[in-house]
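Below you'll find the structure, written out as structure tokens, and then a few comments.
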Amino acid sequence: MSFEFTVLKEDKKSGARVGQFNTPHGVIPTPIFMPVGTRATVKAMTSSDLIQLDAKIILSNTYHLFLRPGDELIKKAGGLHRFMNWDRPILTDSGGFQVFSLTENRKISEEGVVFQSHIDGSRVFLSPETSIQVQENLGADIIMAFDECAPYPASREYIEASMERTIRWLDRCIAAKSNNKNQALFGIIQGGMFEDLRIHSAKETVQRDLPGYAIGGLSVGEPLELMKEMLTVTLDYMPKSKPRYLMGVGTPDYLFEAVERGVDMADCVLPTRNARNGYAFTRSGRMNIKNAKYKEDFQPIEQSCDCYACKNYSRAYIRHLILSKEISGGRLLSFHNLRFLLKLMEDIRASIIEDRFLDFKQEFYESFGY
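Residue 2 is where the sequence shown starts when you use our numbering, and the numbers rise one by one after that.
Dropping the structure here:
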């Protein structure tokens, strides 16, 4: 199946839209939230759990899988889909986020990035060519160009040099990619918090006529209002005919703001990370299950939720598991948090189709306490 993106419905009062993205491993309805399975597993979840949650696509990470167990091993296993027993679409991050997150243990040059492995301290080199080769071995449906996710705050001089290098790296990624029709390469737009640099990066990236485009370097510590401003500027220069992916966003407010401006895809580790720390998303706000008031609360996390945890266990029981540091506590809250965001995106898609997206957003914000 070729990669084909179709916009099915546009909201009359905002940039929000519903679409579908055809991939070799299935159709992705958009807008969509993608659970993150960094090391070929969404933490505490099995593939059958994710099917039960109705996750349409998951994300894995090139850098981490390159280090362990190694992309050649995964290729021998038949690719990432077979290795992790997942037959729906997969997107792989190129390792660019690790350029941002491992600042103490990396050195950037024109050729690529040298990392000090967090596993054994050895020297690891990732270039645009290496990143593409690893992602081809992994066999993901959507692969990302190697980029630098620049920090915030940073000087204009730093951001401009980083952005221009990311464009050059994109050309090297395009040249390195084999003629594999089963993998779609997305370019990544950078430019920090500078409007003109964002526009320049968007124009240059879109000129490459790729199957889709991502927005990187946002939600890296900047205020929400600045993120919204940069997001709006960037999306104005991205084609409506291609899927648009905002990287690293996973709180309800950021998802709403992104969708309102025309974003189709988003991902974040937050739902499972929050779960392991005892926090749950609910329609009435974020819940800290460790609070004493839940000690004898035998209601589900959320009465209206259809997830496995809410249908079978109480707040009191899950609180006990979390406080006892039992693995199943984080697992049950992960069920809930992932289902919460996946169901939220289902409801967002329905609201766009029914021309009530902004009303739904307002209702949600009032209920959640934004």
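Even glycine gets a Cβ: it sits at the ideal position worked out from N, Cα and C.
- Counting along the chain, the unbroken beta strand (DSSP E) around residue 5 starts and ends at 5 to 11.
- Counted as a single uninterrupted DSSP element, the alpha helix (DSSP H) harbouring residue 50 occupies residues 48 to 54.
- Of the residues 291, 117, 355, 64, the one whose Cα lies closest to the Cα of residue 133 is 64.
- Counting along the chain, residue 215 sits inside the beta strand (DSSP E) bounded by residues 213 to 216.
- In this structure the segment 64 to 73 does not touch the segment 351 to 359; the number of beta carbon pairs closer than 8 angstroms is below three.
- Sorting 306, 213, 48, 10 by C-alpha distance to the C-alpha of residue 248 places 213 at the top.
- DSSP places residue 160 in the helix class (H, G or I) of the three-state scheme.
- DSSP places residue 125 in no alpha helix (DSSP H) but in the uninterrupted beta strand (DSSP E) bounded by 124 to 127.
- When Cβ pairs closer than 8 angstroms are counted between the two stretches, the segment 266 to 281 is seen to touch the segment 31 to 39, the count reaching three or more.
- 8 angstroms or more divides the Cβ of residue 31 from the Cβ of residue 253.
- A straight-line Cα-Cα distance of about 19 angstroms links residue 255 and residue 189.
- Each of 130, 106, 139, 140 was checked against the Cα of residue 124, and the nearest Cα belongs to 106.
- Here the alpha carbon of residue 26 sits roughly 42 angstroms from the alpha carbon of residue 292.
- Contact between the segment 106 to 118 and the segment 135 to 144 is absent: fewer than three C-beta pairs spanning the two stretches fall below 8 angstroms.
- Inter-residue distance for residue 6 and residue 240 is about 12 angstroms (C-alpha atoms, whole angstroms).
- Your pair residue 45 and residue 273 checks out as a contact, with CB atoms roughly 7 angstroms apart and the cut at 8 angstroms.
- Among the bridge pairs identified by DSSP, residue 28 is matched with 23.
- Contact annotation, residue 215 with residue 187: C-beta distance approximately 5 angstroms; criterion of less than 8 angstroms satisfied.
- Its chain contains 45 as the residues whose beta carbon lies nearer than 7 angstroms to that of residue 332, once the 5 sequence neighbours on both sides are disregarded; these appear in chain order.
- Looking at the backbone, the Cα of residue 178 and that of residue 73 are separated by about 17 angstroms.
- With 16 or more other CB atoms across the displayed protein chains lying within 10 angstroms of its CB, residue 258 is buried.
- For the pair residue 285 and residue 301, the CB atoms are not nearer than the 8 angstroms cut-off.
- Separation of the CB atoms of residue 202 and residue 175 is rounded to 16 angstroms, and the pair is thereby denied contact status at 8 angstroms.
- Residue 268 is bridged by DSSP to 35.
- Just measuring C-alpha positions, the residue of 59, 149, 242 sitting nearest residue 103 is 149.
- A Cβ-Cβ distance of about 7 angstroms is found for the pair residue 206 and residue 171, placing them in contact under the 8 angstroms criterion.
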